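In terms of my numbering, the sequence shown opens at residue 39 and continues consecutively. From the three backbone atoms N, C-alpha and C, an ideal C-beta is built for every residue, glycine too. Since we're looking at a predicted model, the values are computed, not measured. Just below is one structure, and these are the notes that go with it.
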Amino acid sequence: MSRVAWLLLAISIGVIGPVRLGNTKDPNHVPLAKDGYHDPSNRSLDALQKPAQALNAFPHDRLGEVNWVQTLDKKLIDPRADILGKKSMKVLEQDIIMTNTKSMPYVRFPHGTHTRWLDCTNCHPKPFLPVIKGNAISMDAVLRGQFCGACHGRVAFSPFICERCHSEVHPGSPKKWW
Numbered sequence: 039m040s041r042v043a044w045l046l047l048a049i050s051i052g053v054i055g056p057v058r059l060g061n062t063k064d065p066n067h068v069p070l071a072k073d074g075y076h077d078p079s080n081r082s083l084d085a086l087q088k089p090a091q092a093l094n095a096f097p098h099d100r101l102g103e104v105n106w107v108q109t110l111d112k113k114l115i116d117p118r119a120d121i122l123g124k125k126s127m128k129v130l131e132q133d134i135i136m137t138n139t140k141s142m143p144y145v146r147f148p149h150g151t152h153t154r155w156l157d158c159t160n161c162h163p164k165p166f167l168p169v170i171k172g173n174a175i176s177m178d179a180v181l182r183g184q185f186c187g188a189c190h191g192r193v194a195f196s197p198f199i200c201e202r203c204h205s206e207v208h209p210g211s212p213k214k215w216w
């Protein structure tokens, strides 16, 4: 059994769960004082806004994580190109369709969605070479934190919401299930 198949099986039977950053509805959500990052002895810790309080009003996906694209679309946040807010974001409206997906629907990568948040240098030349078919992206690599997995499953939506990427049905792929 491949690593990807094993991971999907383990998740489906509840042996392991996907990373749920920003999931304020998760009963296993850890308070800041116990998250292993913040110093619980720091008296200023209570001055920080709690993630549940900060993120609760944002739209959530089916796993309970913040849906950042909807949050942007609803203008609930306005990312800055620089710390002072003087530069403007350079949005690239170019979708890339990745067809090496076997029987899964093709992957649509929306540059526009990503460049509303990030400068090109966040992704190019690492982890992505800016060359057509220049990256050997696989689900195995994504689940190991490479390519898309550098963000997805950590600070961006879980790679286990398949339809967010595998959105382009083609002959031989399953019909839309979402």
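Asked                                                                                               : Found
Close Cβ partners of Lys214 (< 7 Å) along its chain, the five nearest in sequence each way excluded : Val207
C-beta atoms of Leu93 and Val104 nearer than 8 Å                                                    : yes
Secondary structure, alpha helix (DSSP H): runs of 4+ residues fully inside the region 141-212      : 149-153 and 177-181
Short CB-CB distance (under 8 Å) between Cys158 and chain C                                         : Included in the structure is just one protein chain, with no chain C present.
Residue range of the alpha helix (DSSP H) that includes Asp111                                      : Trp106 to Asp111
Contact between the region 154-166 and the region 175-190 (3+ Cβ pairs under 8 Å)                   : yes
Where the alpha helix (DSSP H) containing Ala90 begins and where it ends                            : Pro89 to Leu93
Identity of the residues DSSP links to Asp77 by a beta bridge                                       : Beta-bridge pairing links Asp77 to no other residue.
Reduced DSSP secondary structure (H/G/I, E/B, other) of Asp133                                      : strand
Rounded separation between Gly150 and Ser79 - CA only                                               : 42 Å
Inter-residue spacing [alpha-carbon to alpha-carbon] between Ile115 and Ala194                      : 15 Å
Whole-angstrom C-beta distance between Ser211 and Met142, which should lie under 8 Å                : 6 Å
7 Å CB neighbourhood of Trp216 in its chain, flanking five on each side removed                     : Glu201
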